[in-house]
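Q: Quick one: structure below, then a few questions.
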Amino acid sequence: MKPLNLLLLDCSPRRDYSTSRHLTEPLSAHFGREIHVMRRNLGTEPLPAITAEYAESLLLAAAEVKERHGAALAGSDALIRELEQADLLWISTPVHNFTVPAVLKNWIDLVVRRDCRPR
Ligand SMILES: Cc1cc2nc3c(=O)[nH]c(=O)nc-3n(C[C@H](O)[C@H](O)[C@H](O)COP(=O)(O)O)c2cc1C
């Protein structure tokens, strides 16, 4: 059977004493098949925040985006590819002030974008 590609987002800023990390670790043993884990430690290695180029790209015609802001969006493009390649997305996160931690919201902003790829 083909291994499962699992994208794991760890959102806690805490390391060894993180509750969410400890809850996540044993769960991976329960899939009953080989899994390839691509782990992003968003909490301890936050992604860069979105930029003006990113925000402006949402307002441009799709054809213009690559030409004007292609380089600035490379990081976001890579995150989207990573998500598309995953069979399963696993989000390991605390609650911070009644919502998701800022690092997770930032990841969401970076992957939720209009598709500007040529068809
Ligand atoms: C800044 C901050 C805000 C928090 N806000 C909430 C909250 O609104 N609701 C809640 O139930 N817990 C809240 N908590 C508690 C954490 O979600 C909880 O302790 C969680 O298990 C921590 O996970 P971690 O050890 O993996 O970071 C907050 C913790 C922090 C540090």
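Just so you know, the numbering used here puts 56 at position 56 of the sequence shown, and the rest follows in order with no gaps. Glycine residues also receive a C-beta, built at the ideal position from the N, C-alpha and C atoms. Bear in mind that the values here come from a model prediction, so they are computed numbers and not experimental data.
Can you list, in chain order, the residues of its chain with a C-beta nearer than 6 Å to that of LEU9? Leave out the 5 residues immediately preceding and following it.
A: Translated into the one-based positions of the sequence shown, residue 9 becomes position 9. Excluding positions up to five away in sequence, the list reads ARG40, LEU42 and ILE91.
Q: Cβ atoms of ASN5 and ASP77: under 8 Å apart, would you say?
A: Counting from 1 along the sequence shown, the entry for residue 77 is found at position 77. Counting from 1 along the sequence shown, the entry for residue 5 is found at position 5. In this structure, ASN5 does not lie closer than 8 Å to ASP77 by Cβ.
Q: Determine the direct distance from the alpha carbon of ASP115 to that of THR93, and round the result to whole angstroms.
A: Your numbering for residue 93 matches position 93 in the sequence shown. Your numbering for residue 115 matches position 115 in the sequence shown. So the two alpha carbons sit approximately 27 Å from each other.
Q: If the criterion is Cβ atoms closer than 8 Å, does the pair ILE110 and LEU7 meet it?
A: Your numbering for residue 110 matches position 110 in the sequence shown. Your numbering for residue 7 matches position 7 in the sequence shown. Strictly speaking, residue 110 in this sequence is Leu, with Ile absent from that position. Taking 8 Å as the Cβ cut-off, LEU110 and LEU7 do not qualify as a contacting pair.
Q: Just to check my reading of the structure: GLU56 and HIS69 have Cβ atoms closer than 8 Å, yes? What is that Cβ distance to the nearest angstrom?
A: In the sequence shown, counting from the first residue as 1, residue 56 sits at position 56. In the sequence shown, counting from the first residue as 1, residue 69 sits at position 69. GLU56 to HIS69, Cβ: 7 Å. Contact.
Q: Relative to the C-alpha of VAL72, which candidate in HIS30, TYR54, ALA63 and LEU23 has its C-alpha closest?
A: For the purposes of this step, residue 72 is identified with residue 72 of the sequence shown, where counting begins at 1. The question names Val, but residue 72 is Ala in the sequence shown. It is TYR54 whose Cα lies nearest to the Cα of ALA72.
Q: Cβ of VAL95 versus every heavy atom of ligand 1: is any distance shorter than 7 Å?
A: Walking along the sequence shown from the start, residue 95 turns up at place 95. Yes; taking the cut-off as 7 Å, the Cβ of VAL95 has a heavy atom of ligand 1 nearer than that.
Q: How long is the line joining the alpha carbons of LEU79 and VAL37, rounded to whole angstroms?
A: As a first step, residue 79 must be located in the sequence shown, where it is residue number 79. As a first step, residue 37 must be located in the sequence shown, where it is residue number 37. Cα to Cα, LEU79 sits roughly 15 Å from VAL37.
Q: Rounded to the nearest angstrom, what separates LYS125 and LEU27 at their Cα positions?
A: Here the chain has residues from 1 to 119 only, and residue 125 is not among them.
Q: Does ligand 1 have even one heavy atom less than 7 Å from the beta-carbon of ARG14?
A: The count along the sequence shown starts at 1 and reaches residue 14 at position 14. For ligand 1, at least one heavy atom lies less than 7 Å from the Cβ of ARG14.
Q: What residues match up with LEU9 in a beta bridge as DSSP calls it?
A: Your numbering for residue 9 matches position 9 in the sequence shown. Answer is ARG40 and ILE91, bridged to LEU9.
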